[in-house]
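One structure below.
Protein chains in written order, with the numbering used here: chain A, 1 to 305; chain B, 1001 to 1315.
This is the structure we're talking about:
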């Protein structure tokens, strides 16, 4: 009985949601359209390739660089890029820069994923609660969010690191908490938008319980904008995590993390340019690609009909 | 300017400051971690620390009292401008911040100047030029600039201008020469932000009917751009100034480390390193104060620039 009632509103919705336009398109047409779309956007294709490459480095580093990132050969230290066997050169201990870069990707990416996940879950819950409860709960939560926005994120992260201690994982959590505010705002706005829509009102009027309409209507409809924000936040989190690692709050030295690789190379800036330059290029390329993809997700496909 | 508008803004500013104090207190004092143990271990040169010594230290800093009492004491002291004393140096937090402020202010002002010039030039040229590729390159520049890690930009500038070309010193804070590279590094992200916002609002302003009218009357393209459109495009660009101040303050943490300059950023980095909670809280509060003051000033300036704002019904 309840199940019948729960399903009811979707059929009884007086204004059916507009059917997705490309339903008449065949698969072949869709593929052709995708081809056109991508051909006009070489930057987007490049960005996707960069991300695939970073993901490969993070999950199967052995595939791209089979060596040990901590394996040092003192005889070949500080060789420039192009040295046989070390195409990106070696560092001050004679460790292969390429191997360290590839293996560093997993640490950097793990930290970033944790940071975004923390921000998404905590911020999403705050926004959801504020939007759903309304009244004074909304008022209080949103004022807290306003205050969090008035403190620069890196100072917020530094305060959290002071309390939590050092380490990549703790840095990631600190970065995540510091960026909770934007997720809370977007999630709240989306919750309010969906909650006031006719089909949710209809659902409520036939007796759908609030958590059912939460799971069936609010969350799926809020997912789009929140995903765009999450991808964008991913880029910011890479920058924040690498900055904090550069400052020395991340992993202790032997582990390769992109920010700490730059920090290690700093002492050899005058003589060995590649030690700082290359990991920085990796960070910048990843962030640029992520931002480009976030822009594509933000309705570019839909607009480009 | 109406008094209620002023009072409402002032009330909100006070609320934000109180909340910033509370949030930083919760983060720093409620989360796990024993600052006293860290401090004692750091100052005793490897000698084992007895429990009695720890208790004595806790008592001296008031850390043995219930949290709510500590909160009350600290809030009351903060209201009198007393932010406590540093765990690491014993100096007052207010003194430490006051000492560190001038060099940071120097770089931040130069950075701000660079940001404004960079942002304005990029946005104005990008919306003015008819050369398609130039406008596209300029429009892409800001999103490129915000994707680069700040510390890396600083190191690259040092590499190029200090080590290769020998134009500017790489580290330290001696003379105006040493300000150039830090200011560019610090000003780049806020400059990109200003460029983005100004380019967008210039685009909107140039679509307005009064621009068409001015053009129809025969006003030159440059005059339309600067005299008619820019004035109206400035207000949206001003709104990001509060955010820009935050970016400058946050950037100083990284920039002062890269260029080995003294200042607020260095103070923060070293205080986090030794878990010097009062100093970290002081810096966070200082950032909140700066944010609040900048936004308060902006709120007071808007009605002067655009009389519609003062009479508008508050949201």
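Where is the CB? At the ideal position from N, CA and C, for every residue including glycine.
Here the structure is a predicted model, which means the values were calculated and not measured.
- Under the Cβ criterion of 8 Å, residue 270 of chain A is counted among the residues facing chain B.
- Where residue 1228 of chain B is concerned, there is no enclosing alpha helix (DSSP H), because DSSP gives it neither an H nor an E.
- Assignment of residue 86 of chain A by DSSP, reduced to helix, strand and coil, places it in the strand class.
- Counting the other CB atoms within 10 Å of its CB gives residue 1073 of chain B a total below 16, which places it among the exposed residues.
- Annotated three-state conformation of residue 72 of chain A is strand, per DSSP.
- For the pair of segments examined, the stretch 291–299 of chain A was found not to touch the stretch 259–277 of chain A: the number of CB pairs separated by less than 8 Å stays below three.
- Interface annotation, residue 1254 of chain B: in contact with chain A, CB-CB separation under 8 Å.
- The Cβ neighbour count for residue 75 of chain A, taken over all protein chains shown within 10 Å, is under 16; the residue is labelled exposed.
- For residue 1148 of chain B, no alpha helix (DSSP H) encloses it, and the DSSP letter there is neither H nor E.
- Within a 10 Å sphere around the beta-carbon of residue 137 of chain A sit fewer than 16 other beta-carbons, which makes this residue exposed.
- Not a single CB atom of chain B sits nearer than 8 Å to the CB of residue 42 of chain A.
- Considering only B/1194, B/1226 and B/1190, the residue with the shortest C-alpha distance to residue 1205 of chain B is B/1226.
- Taking 4 residues as the shortest admissible run, the stretch 110–165 of chain A contains the following complete alpha helix (DSSP H) segments, listed from N- to C-terminal end: 135–150 and 153–164.
- Below the 9 Å Cβ cutoff, chain A contributes 155, 158 and 159 as neighbours of residue 1283 of chain B, in chain order.
- Per DSSP, the beta-bridge partners of residue 95 of chain A are A/72.
- Secondary structure at residue 1022 of chain B: helix, using DSSP grouped into helix, strand and coil.
- Judged by DSSP secondary structure, residue 169 of chain A falls within the alpha helix (DSSP H) whose first and last residues are 168–178.
- Listed in chain order, the positions of the stretch 1131–1156 of chain B with a beta carbon within less than 9 Å of a beta carbon of chain A are 1143, 1144, 1146, 1147, 1148, 1149, 1150, 1151, 1152, 1153, 1155 and 1156.
- For residue 86 of chain A, the CB contacts under 8 Å within the same chain, skipping 5 residues up- and downstream, are 76, 79, 96, 97 and 98 in chain order.
- Residue contact with chain B for residue 187 of chain A: absent (no Cβ-Cβ distance below 8 Å to any residue of chain B).
- A Cβ of chain B is located within less than 8 Å of the beta carbon of residue 288 of chain A.
- Separation of residue 1174 of chain B and residue 1259 of chain B (C-alpha to C-alpha, rounded to the nearest whole angstrom) is 12 Å.
- It is roughly 29 Å from the alpha-carbon of residue 1194 of chain B to the alpha-carbon of residue 40 of chain A.
- Here residue 71 of chain A is exposed: its Cβ has fewer than 16 other Cβ atoms, across all protein chains shown, within 10 Å.
- Nearest neighbour of residue 114 of chain A by Cα position, chosen from A/92, A/149, A/73 and A/167, turns out to be A/167.
- Taken atom to atom, the span from the alpha-carbon of residue 1155 of chain B to that of residue 103 of chain A is near 23 Å.
- Inter-residue distance for residue 1123 of chain B and residue 134 of chain A is about 40 Å (C-alpha atoms, whole angstroms).
- Apart from the 5 residues on each side of it in sequence, residue 1188 of chain B sits with its Cβ closer than 7 Å to the Cβ of 1145 and 1153 in its chain, given in chain order.
- Taking every protein chain shown into account, the CB of residue 1256 of chain B has 16 or more other CB atoms within 10 angstroms, so this residue is buried.
- The beta carbon of residue 291 of chain A falls within 8 Å of a beta carbon belonging to chain B, placing the residue at that interface.
- Our two residues, residue 1085 of chain B and residue 1079 of chain B, have alpha carbons roughly 15 Å apart in a direct line.
- DSSP places residue 1131 of chain B in no alpha helix (DSSP H); its state is neither H nor E.
- Residues of chain B with a Cβ closer than 8 Å to the Cβ of residue 98 of chain A do not exist; the shortest Cβ-Cβ separation is about 18 Å.
- Sequence-distant Cβ neighbours of residue 1092 of chain B in its own chain, meaning closer than 6 Å and more than five residues away, are 1085.
- If only uninterrupted alpha helix (DSSP H) runs of at least 4 residues are considered, those enclosed by the stretch 1161–1218 of chain B are 1180–1206 and 1209–1216.
- Rounded to whole angstroms, the separation of the alpha carbons of residue 1213 of chain B and residue 1223 of chain B is 13 Å.
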